Every structure is written in structure tokens, then in C-alpha cells.
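Step one of this worksheet: look at the structure below.
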Amino acid sequence: MECKRSLIGLNAIFKRGVRDMRKFGIYIIMIVIGLCSGSALAGQDQVDQFVMANAAYTRGDYSQALTLYDEILAGGEVSGALLYNIGNTYFKIGDLGRAVLYYERALRYIPRDTDLQANYRYALSQRSQGLHLESGSVGERVSDVFIQMVTFEELCWIFAGLLFFLAFFHLWGLYRSWRGFLRAGSIGILIVLIFVVVLGIRLRLRHDLLGAVVLRDVPARFEPREDATVHFSVVEGERVDLMKKEKKWVKIKRFDDKIGWVQSHVVEKI
Amino acid sequence: MVFFGGSAAGSFAFAQEIDFQAEVNATTVALGSYLRLTLKVNGVTGLKAQELPELDGFDWDYIGPSSRVSIVNGQQFSSQSFSYQLYPQKTGTFEIPPIHRQIQGKDYATQALTITVVEQKDATQEASSGQSQRASLKDRLFLIVQAGKDEVYRYEKIPVTIRLYVGDVSVKDVKMPKIQQTGFLVDDFQQNPRQFQQVMNGLRYNVVEFQTWVYPVRTGTLTLGPVTAHCGIVFQDAGKRQRSGFFDDSFFDSFFTGYKTRPVELQSNRLNFNVRPLPTQGQPKEFSGAVGKFSFNMSVQPQEVSVGDPVTVRMTVSGEGSLKTFDLKGLEASPDFKVYDPQVKQDNGVKVLEQVLIPQHSGQVQVPEVHFSFFDTEQQRYRTISWGPVDITVNPVAQGRGFAVVGLPQDGSASARRPEELGRDINFIKDRLGRLYPVGYRTDRSPVFVSMVSLIMIAWLTGIGGYLFHRRLRTDERFARRLKAPGYAKFGLRQARKLRDAGAAAEFYDVMFQTLQKYFSHKLHLPPGAVSLQILNEHLTQRSGAEQVMKNLAGIWAQCEAARYAAARYDQTDMVQAYDGVQEIIDWFERHF
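Line order of the protein sequences matches chains A and B. Note that the working numbering has the first sequence beginning at 1, numbered continuously upward. Note that the working numbering has the second sequence beginning at 1001, numbered continuously upward.
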């Protein structure tokens, strides 16, 4: 009988332990959520600089605006709105290639911003060959969907969230003895979602790491030489993949998978 | 556990008020085996386990608690269970008396349970399985049909409930039941059958409840049923997968299916009804077979039209009773109206008649009065609801009015309007800087993200490990007893030390002996009475250094027996030596076993 009492006592201690663990878990989650954001709130200096640059833009002093925007970038921090405004400024001074480049960069941070999407499309439509948004491969088209919908940071946290839910539902199913099809169904759906998100992360990474924008209309050649045969031409603001760099030349791949060499100063990484 | 296929999915319903129940996993058990008794408290949590009263014919052991909290429609339901193992001591039929418990100052008692203890037929089989004898499949899976009443009128609506009781068997692919229905009209079953748990004769059943209504169409004595239902019983295919080692766990069952399903057909009881004819006295001439309680409505739209424009008459009947057993009659043609054939629809418990009338001349015309009669089974008399007449103002056709195309402006302004010319430019700059990120920042490389993902993975693996450990504790009795052994030893030694310090030699040696017996019983998975020096010696023969331990043990064992049975006198020094000796022996066992 004494032993039975001791077992009951052990159970009470165990329950108290579980309660303490729960409290501890909540603290940990609060701390992690606090640390989750990799971004920082805008400091007063940057805000002042940004307001001054916007004022210069508004009165039509685009070179002054650009200088002030660049100073904020030189501080080592960047935001979607800042890149969008720089893209606008380049558009206004007639540098369509850099305008598209900065709009592409801004898409990394604020992909769902309708102003940005409109300006990006309008800038592309002003090129010598007009608007061309069709991507060559299915992968690139899927990539475009991810790029226009979510940021890389959001994808990462969605992945972490899905992983958490997968673990949670799996353990919940184990401990609560869920029916087989319910457990398999929920876990299956989560695994499919994780697969889709991981695919999105891959595509997004590929786009971010390889993507570049052509700054002016130039011919792409078969070899990295001035006198090499022209293979195709790329236009100002066109997005290409950077494949290789050799001295003053870079190997690029166009949307239709054509590969050629252009001088390195006419393309800039996104 | 019940699995559903097709449309037979549903939700569980739980009792909300406090109640206290006892249930067992079997009502017949073999001597030498055990059965599980669970005391369940619904509506309260945070209770502590209670000790059972003396049970005639059984020894018992407390296993542990479990609790469950669920939220349904924003309301919280909770329950707490305490499990005990009952070990039969002799054969016969025994009663577990009502067990009382004070909950929130009020006394609650469980129902009494009757348990039959039988001789074990095959000792070898019993030793290997350790399972209680089970009741037959009919006791674990059966179908019951019930009706709200058995004295009814012809066409009267009768609620019928079909309950599928599922005991400790796994069932899947439960199909909708089929009713043998000669002489009855039967409604479709309600979607999403209700699921709940019910304790019958001390056994817990998962119950799936199907609800429908039937309407007798003949008079006299009619029989409904039997109801048949098909489902599949899931059983493990022992020959399909030989589990071993790491994969020896049900955790991997979802990945390596080793189950088979055997289809079964269940048959319910039959129900007899005495169906009376409807009274002929006072039956209205409009009566067409509606029995129950109905409401009747009529609308006429529009009530002002031009000659030749359509007027729609809509009659609606809804209420308690079959909509299939009567007809709705439309209006008949008259000099005032041309009448089209009525359209009758029946959906969601409403019968609707729609009929188009075309006024033939201008002036004030009347849609005539309509009647709907039904037999009210509550008041046991016929009732008639009337609507109308409804006045309609019919205007003559306006002079010069012709066909007009709907949607086009009449003044022809659309064609005169020119498309607006719009300029295009980029949208204006942003006036807020927004959130700043370090240049080159990548979330997937940030310490916070990496830590978070790692934390999730560690928690996941820990959870799986905990589940496997907990499961083994429940299923592997040897393992569970081995784990408990040091705790018993520690507890016993603590008691012994108190007695030693108090100089109570007889009690000291008694506790020491019981501690050793309980420790070895759990450590070596032996029945408590089977622990003896000879048995222990058999277990120790293969171990190095065991001779000295056995020697010490034999000495202490002899001291204990002498103190207990021969009233030998031992002083404080002897007790200290015996206490230290037992500690060393237990330490040695913990290191080597």
C-alpha cells in the first residue's frame, strides 16, 4: 500500500514538472519571437536622410535624391521602400536598366507591393523591345510566382512553422492515438506543403544568387572576345542568370536558355 | 477505435456535467492473469488518485492517471482517468462494489461491476499471453435499432435511431445502414452521424448513432427491420511483418502496414408497429394524405401587372411530417387567367409549388382562395389552413410600348461618348522607409532561425523518444517493474533507517525483508512469493563476484528470518551492518543487472 502511495506521489511530482516545463517553454517562445526578426527598425538618421531624399525627388532634383539614397545604402542597411525609390529615381533620369535592377532588388523585400509591381512592369514596357515577362522554363515560371508572392525570409519562417506543425501533429497523433488516416492525412498534407516551400526556397535562392540585370542593350557573343561572333542580343533591363566570370567578361543565360558572353560592366547582380 | 469511410464521418459528443464511472476491459478473466479497472471522472481535472476499497477476490495495483481536455464550440470538456490492475486471487463470480469519491464536496459513486474469474486452461498459453479472456465478437460489435413510438397513424412520422456499438475492436469503412422497410417510406439518414462513448455493463463502447424517420404506408401490424450494416474489422496480420530490433514498435506501423480488414455484416433487432388508419370522420375534401404538423404559405407576385405579363403563385408547405405522402394541387384555369402547369419541388424539408398565371384582360382580378388540410397527430384531428383570395391589378398594355433591349440607355448617349484618354507613368515614391535589413542578410543563415529549426527537431525527437519509452512502460511489464525496483528499495530503506534509529529491531528486520523481497520481485520479474535464496542463486550463477554478494545476502536473509520468526535479539550494531549490507547488495544489483 505504501508503494502505491509513493507512486501516486511520484505522479504528482511529474505533473508539477510538466507544468514548470510548460512555463519555461512559453518564456523560450517569447524570447525567440522577440529575436526572430532579422530586421532592425529604421534609425532616426536614416529616416531623416530618407525624408530629405524624398524632398529632393519631389522637387525634381533626381541626382541629389540619388546621392542621399545611396548614402543610406552605404550605411549597410537596406529596405524595400528605399530600393523602390532608387528605382523610381533612375527611371526619372532615364536609366531604365538600373531602374529595373532596383525594382528587382526591391521585389526581394516587398514583393506584394502593388506600386512596385506596376512600376516594374511599366519600366519593362519602356524598353526597346517592350514588355517581356514570359520565362522560358516551367521552373522559372514557378520561380516567378514565388518571387512575386513571398520573400525569402517569409519562406524560411513558413518552413520553420510547417516543421513545427509537422512535429506537433506527429507527436499529437502519437500521444493521442489518432486514427491512422487522420494522422497520415495531416502529416501528408504538411509534408507536401513543406516540399512546396522548400522548392520555393530553392527557386528563390537561385534567383537571388544568379539573377542579374542588363544595364544597356548589348550583343552577347559566343566567346569572351570583342571580335567573337554575336550569338544574340540582350536589352536594357533584361533579367539574365550569371553563370561564370572571366576577367572583364561574364557568361550569361537568357530567358530562352541561350548562353553568351557580355562585358561585365553592362550587367549587375540583383 | 472506429474508422469511417465515405460520408460516415462525424464528431464526438461529450457529457458536460460531473460524473464518476468505473469500467473494466473484460468481465471474464483467467486466474493468474489480470484485468484493468479504470475510474473516470468527467467534468473535473486536477484530482488525485484514490485508493480502492478491499475487493473480494482481487488484489490490486495502481497504474497511473491520464487526463483529457477538449474544446467543442468554444466549450471546454475535461475528464480524468485513474487506472488500476486487478489480480484475481480465486475463481468464482465477484462483485466490485460501488466506489465512492468526494468531488467538489459532493459524494459520487460508480456502478457495481460483476467479474467472473475462471481457471486458466493452459498455463503455458496464459504465461505467454497474459491476456484476459475476451467476450465474443457479438458482445463487442453490435447494432441496435430503436423507435420513438410503436402506436402510430398511417403516414405518421416516426423517429428511428440506429446505434452501432463498438467495443475493444478496431473497425473501419462503416457503411450507412440499410433498413428492411416493407410497408414504410424511409427518409435519408442524417449526414454526419453522432459519435459518443457509452459504458454498458462496465464496458466502454464507442457508439455511432444514425438518425432517420420512417412513415408507415399500410395499416395493421408492420415490422421494421432488421437493419443491416457493413463494416470491416481491422486485425493485425501477424504473419505479414516480423518486427524486430529498432523497428519493434507500433510507431513504424503507419510506414509498414501489417493490418488486414475482414468485412462483417451486422444485423439489428426488429421493431413492431401497430399502425392505425386515419379517421374518416371530419376528413376535409382537400385532404391528400398529409400527416403531422405543417405550416402553409402562399404568395402572389407581382400584384400589379399589365395584360400578358406573368404572375407567379408560390405555395410552400413545411413542418413535421412526410412531404412525400401528399400532393399539392395548383390553380385551375379561369376566364381571368391563363394557367401554366405547376412546378413542384421538395428540398430541405420544404415542399414548394410554383405556378405562372397570365392575366387575360385588364381590371381587378382575383387569385382564388386555396386550402391545405392535414391530420394533426398531436391533436388527433384534421386541420385546414387557407390563403387568399389575392387581388391583382391588371393594367392595359401602354400605347407605343414595344420590345426594349435591357441594359442599353434609351437616349442613345452611349454611342456619343468617346473613350477617355489616359496617360501612363510610374507610381510615386514611398514616404516611409519601412523595415531595414542588413545588406546581404540571409534568414537561413541567421542564428535565430538555425536555433529555432534545431530546437524543433530536438523537441520532435525527444517527443518520439518519450512516446517510445512511455509505450514500453505500458506494454513491457518486465521493463516497467525493473524501473520501479530501485524506487521501492529506496523507499523501504528509508523506512528501515527510521526503525533502526528508533531501535525497533523486529520491525526493522521485517521492513528489510519486505524491501528485499519487493526489490528482487520487481528487478527479476518474479511473483512476490517466489523470491527465495535459491531462485536468486539461480539468477546469479553466471555473474562474476556473485558469490560474495550471495553470501552477504544469505547472512542478511537469515538474520531477517531469525528476527521475524525466531524472535532473535539484535542490537544497533547488527542493524547498522544489515542496513549497510542491503545497500551494498542493491548497489551491486543496480550495477550488474
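Glycine is no exception: its CB is placed at the ideal position from the N, C-alpha and C atoms. Note that the coordinates shown come from a computational prediction; the quantities given were computed from them, not determined experimentally.
- Query: If we count the other Cβ atoms within 10 Å of its Cβ and call it buried at 16 or more, is B/GLN1514 buried or exposed?
  - Reply: Using a 10 angstroms sphere on the CB of B/GLN1514, the tally of other CB atoms reaches 16 or more, which defines it as buried.
- Query: Do you know how far the Cα of B/GLN1076 is from the Cα of B/GLY1046?
  - Reply: In a straight line, the C-alpha of B/GLY1046 is about 15 Å away from that of B/GLN1076.
- Task: Report the residues of the region 201-233 of chain A with a CB closer than 7 Å to any CB of chain B, ordered along the chain.
- Result: Those would be none; no residue qualifies.
- Message: Against chain A, with Cβ distances strictly below 9 Å, would B/ALA944 count as a contact?
- Response: Residue 944 of chain B falls outside the range modelled here, since chain B spans only 1001 to 1593, and no answer is possible.
- Message: Just to confirm the assignment, what range does the beta strand (DSSP E) spanning B/ASP1347 have?
- Response: Unbroken beta strand (DSSP E) run through B/ASP1347: 1343-1347.
- Item | Proximal chain B residues relative to A/TYR109, where beta-carbon distance stays under 9 Å | Ordered by position in chain B, the residues that pass the 9 Å Cβ test against A/TYR109 are GLY1434, ARG1435, TYR1437.
- Inter-residue Cα distance where the pair is A/ILE147 and B/VAL1169: B/VAL1169 has its alpha-carbon roughly 51 Å from the corresponding atom of A/ILE147.
- Item | Interface residues of chain A facing B/PHE1449 [CB-CB closer than 7 Å] | Here the neighbours are CYS156, ALA160.
- Item | Segment contact, 8 Å Cβ cut-off, at least three pairs: the region 1445-1454 of chain B with the region 78-96 of chain A | In the pairwise beta carbon analysis, the region 1445-1454 of chain B is classified as not touching the region 78-96 of chain A: fewer than three pairs are separated by under 8 Å.
- Task: Give the secondary structure of A/MET149 by DSSP, where H, G and I count as helix, E and B as strand, and everything else as coil.
- Result: For A/MET149, the three-state secondary structure derived from DSSP is helix.
- Task: Compare the C-alpha of A/GLU238 against each of A/VAL218, A/LYS248, A/PRO224, A/ILE158 and name the closest.
- Result: Per the Cα distances, A/VAL218.
- When the Cα atoms are used, what is the spatial distance from B/TRP1588 to B/VAL1549? Taking the straight line from one Cα to the other gives about 8 Å.
- Query: Comparing alpha-carbon positions, which option in B/VAL1531, B/ARG1481, B/TYR1155, B/GLY1202 lies nearest B/LEU1039?
  - Reply: It is B/GLY1202 whose Cα lies nearest to the Cα of B/LEU1039.
- Item | DSSP state of A/TRP249 mapped onto helix, strand, coil | The three-state secondary structure of A/TRP249, taken from DSSP, is strand.
- Secondary structure at A/LYS258, three-state DSSP: helix, strand or coil? When secondary structure is reduced to three states using DSSP, A/LYS258 falls in the coil class, being assigned neither helix nor strand.
- Query: For the putative contact between B/PHE1082 and B/ALA1049, defined by C-beta atoms under 8 Å, what is the C-beta separation to the nearest angstrom?
  - Reply: Right, their Cβ atoms sit about 5 Å apart.
- Task: Check the Cβ of A/PHE169 against every Cβ in chain B and list those closer than 7 Å, keeping chain order.
- Result: Result: empty, since nearest Cβ-Cβ is about 11 Å, beyond 7 Å.
- Can a CB atom of chain A be found closer than 9 Å to the CB of B/ARG1478? Chain A contact via Cβ: absent.
- Query: By a C-beta neighbour count over all protein chains shown, 10 Å radius and 16 as the cutoff for buried, is A/ILE86 buried or exposed?
  - Reply: Burial call: buried.
- Item | Residues near B/VAL1511 by beta carbon distance below 7 Å, same chain, minus five either side | Closer than 7 Å at the Cβ level, and outside the excluded window around B/VAL1511, lie GLY1492, GLN1495, ALA1496, LEU1499.
- Query: Expressed to the nearest angstrom, what Euclidean distance is found between the alpha-carbon atoms of B/LEU1473 and B/VAL1582?
  - Reply: Looking at the backbone, the Cα of B/LEU1473 and that of B/VAL1582 are separated by about 27 Å.
- Task: Enumerate in chain order the residues of its own chain whose CB-to-CB distance from B/ILE1586 is below 7 Å, with the five nearest sequence positions on each side excluded.
- Result: ALA1489, TYR1519, listed in sequence order.
- Message: Please confirm whether B/MET1452 has its beta-carbon closer than 9 Å to some beta-carbon of chain A.
- Response: In terms of beta-carbon proximity, B/MET1452 lines the interface with chain A, with at least one pair separated by less than 9 Å.
- Item | Collapsed DSSP secondary structure at B/GLN1080 in the structure displayed | Three-state result, B/GLN1080: strand.
- Message: Counting only Cβ pairs nearer than 8 Å, list the residues of chain A close to B/ILE1456.
- Response: Per Cβ cutoff of 8 Å: ALA160, LEU163, PHE164, ALA167.
- Item | Test: A/THR67 CB closer than 9 Å to a CB of chain B | So, not an interface residue.
- Message: Do B/TYR1084 and B/LEU1037 have their beta-carbon atoms positioned less than 9 Å apart in this structure?
- Response: With contacts defined by Cβ atoms closer than 9 Å, B/LEU1037 and B/TYR1084 form a contacting pair.
- Please confirm if B/ARG1241 has its CB atom under 9 Å from at least one CB of chain A. Residue confidence is low: B/ARG1241 scores 45 on pLDDT, short of 50, so the model does not pin down where it sits. No coordinate-derived value is stated.
- Task: Would you decide whether A/TYR57 is buried or exposed? Buried here means 16 or more other CB atoms lie within 10 Å of its CB.
- Result: A/TYR57 sits buried, since 16 or more C-beta atoms from the chains shown fall within 10 Å of its C-beta.
- Message: Let me see if you follow: with CB-CB separation under 9 Å, is B/ASN1025 close to chain A or not?
- Response: Not closer than 9 Å to any Cβ of chain A, the Cβ of B/ASN1025 fails to qualify, so no.
- Query: My guess is that B/VAL1305 and B/VAL1394 are in contact by the Cβ rule of under 8 Å, so how many angstroms apart are they, rounded?
  - Reply: That belief holds up - the Cβ atoms of B/VAL1305 and B/VAL1394 are roughly 6 Å apart, short of 8 Å.
- Query: Would you call A/MET149 buried or exposed, if buried means 16 or more other Cβ atoms sit within 10 Å of its Cβ?
  - Reply: Residue environment: A/MET149 is assigned as exposed (fewer than 16 neighbouring CB atoms within 10 Å of its CB, all protein chains considered).
- Report buried or exposed for B/PRO1191, applying the criterion of at least 16 other Cβ atoms within 10 angstroms of its Cβ. Looking at the sequence provided, one finds Gln at residue 1191 of chain B rather than Pro. So B/GLN1191 counts as exposed.
- Query: Curious, which full-length beta strand (DSSP E) runs of at least 3 residues does the region 1319-1344 of chain B contain?
  - Reply: The beta strand (DSSP E) runs of length 3 or more contained entirely in the region 1319-1344 of chain B are, from start to end of the chain, 1337-1339.
- Just the C-alpha distance for B/VAL1439 and A/GLY76, rounded to the nearest angstrom, thanks. Cα-Cα distance, rounded: 5 Å.
- Message: Helix, strand or coil, according to DSSP, for A/VAL240 in the structure here?
- Response: The three-state secondary structure of A/VAL240, taken from DSSP, is strand.
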